[in-house]
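Each remark here refers to the structure printed beneath this line.
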Amino acid sequence: AFAAQVLAVHRAMPFDMERCNVNGGAIALGHPIGATGTKILATLIYALRNRDKEFGLATACIGGGQGVAMVIRRLS
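Numbering (my numbering), first residue to last: 11 to 86.
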């Protein structure tokens, strides 16, 4: 279900797929219920450091057709 959403958005707003979900991911990664946002954000913070990048975007669905997104900047 999630892959279909990414493909639909990519058709409407093309982006570089090589920069999308660079560390992979799935429900199978495992995290406590309700901790998805924290897990996604922590993974992004480490990815920015490990790849020496300045900006990152974290997104998540929150049910009922809603979503949330956050852009973060690594300062050092």
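All C-beta atoms, glycine included, are put in the ideal place defined by N, C-alpha and C.
- R61: not part of any alpha helix (DSSP H); DSSP gives it neither H nor E.
- Per DSSP, the continuous beta strand (DSSP E) segment holding C71 begins and ends at 65-73.
- Shown here, R83 sits in a strand according to DSSP, grouped into three states.
- Per DSSP, reduced to three states, the secondary structure at V19 is helical.
- In the DSSP assignment, the residues bridged to V78 are A70.
- With contact defined as three or more Cβ pairs closer than 8 Å, the region 79-86 and the region 45-58 are in contact.
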